[in-house]
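Here it is, written out as structure tokens:
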């Protein structure tokens, strides 16, 4: 069994070893600091920067005098390494002019194939979310409405008589489909219901080309 003295000396011994290796090689100091931080993290020592100050959280047996001395000697370097970089502000994405909607190159390539295979949903792009808490219908409807307001492409349809996409009018209210399953439905039944939903084809001529379903 490891003694208390050995446990306390562990982190300091490891730091001394890394210092020795650093002096014998030409690797960047930041690389060794990163390795030290990883090694300390394995021992429950966590370092971070808060309001320009170096903070430390560590088990009592790990925070010995040698570790404190090392933290003081490397304080400025650690502050530089651990301080989050300031991100450059970028302009928000703005909706494009919807007067002349255009299909993307991918849509133009898929359109003939989708029309040829309109009886199946092989080109559907499903997204399945497994929610752990109760779903608030009002919040869901608000989120879906915001998506439609933000992304005009969700209102595209592709009538055969048109060379490009046509924007459908904004929906007054989005309907959410619901699969009715017994409360005791097993995983296989749920998977089958999901597969039925995601494979159902869309009417690309009239739209809409997206839907929301819940189970």
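Numbering (the numbering used here), first residue to last: 23 to 237. Each residue gets a CB set at the ideal place from its N, CA and C atoms; glycine is no exception.
Host alpha helix (DSSP H) of residue i (start-end)
{"i": "residue 220", "result": "209-221"}
{"i": "residue 83", "result": "Counting along the chain, residue 83 falls outside any alpha helix (DSSP H), and DSSP gives it neither H nor E."}
{"i": "residue 134", "result": "127-138"}
Residue i CB to nearest heavy atom of the ligand ATP below 7 Å
{"i": "residue 221", "result": "Ligands displayed in this structure: none; no statement on the ligand ATP is therefore possible."}
DSSP-derived helix/strand/coil call for residue i
{"i": "residue 47", "result": "Note that residue 47 has pLDDT 44, beneath the 50 cutoff, so the model's placement of it is unreliable and the number below is only indicative. In this structure, residue 47 counts as coil in the three-state DSSP scheme."}
{"i": "residue 92", "result": "helix"}
{"i": "residue 188", "result": "strand"}
{"i": "residue 161", "result": "helix"}
{"i": "residue 72", "result": "strand"}
{"i": "residue 105", "result": "coil"}
{"i": "residue 230", "result": "coil"}
{"i": "residue 224", "result": "coil"}
Terminal residues of the beta strand (DSSP E) in which residue i lies
{"i": "residue 203", "result": "Counting along the chain, residue 203 falls outside any beta strand (DSSP E), and DSSP gives it neither H nor E."}
C-beta atoms of residue i and residue j nearer than 8 Å
{"i": "residue 169", "j": "residue 178", "result": "no"}
{"i": "residue 145", "j": "residue 156", "result": "no"}
{"i": "residue 55", "j": "residue 98", "result": "no"}
{"i": "residue 210", "j": "residue 201", "result": "no"}
Specify whether the stretch 122-129 and the stretch 81-90 touch according to this definition: at least 3 beta carbon pairs, one from each stretch, less than 8 Å apart.
-> no
Evaluate contact between the stretch 136-148 and the stretch 219-229, counting only Cβ atoms and requiring at least three cross-stretch pairs below 8 Å.
-> A contact exists between the stretch 136-148 and the stretch 219-229.
Taking one C-beta from the stretch 98-106 and one from the stretch 70-79 each time, how about it: are there three or more such pairs within less than 8 Å?
-> yes
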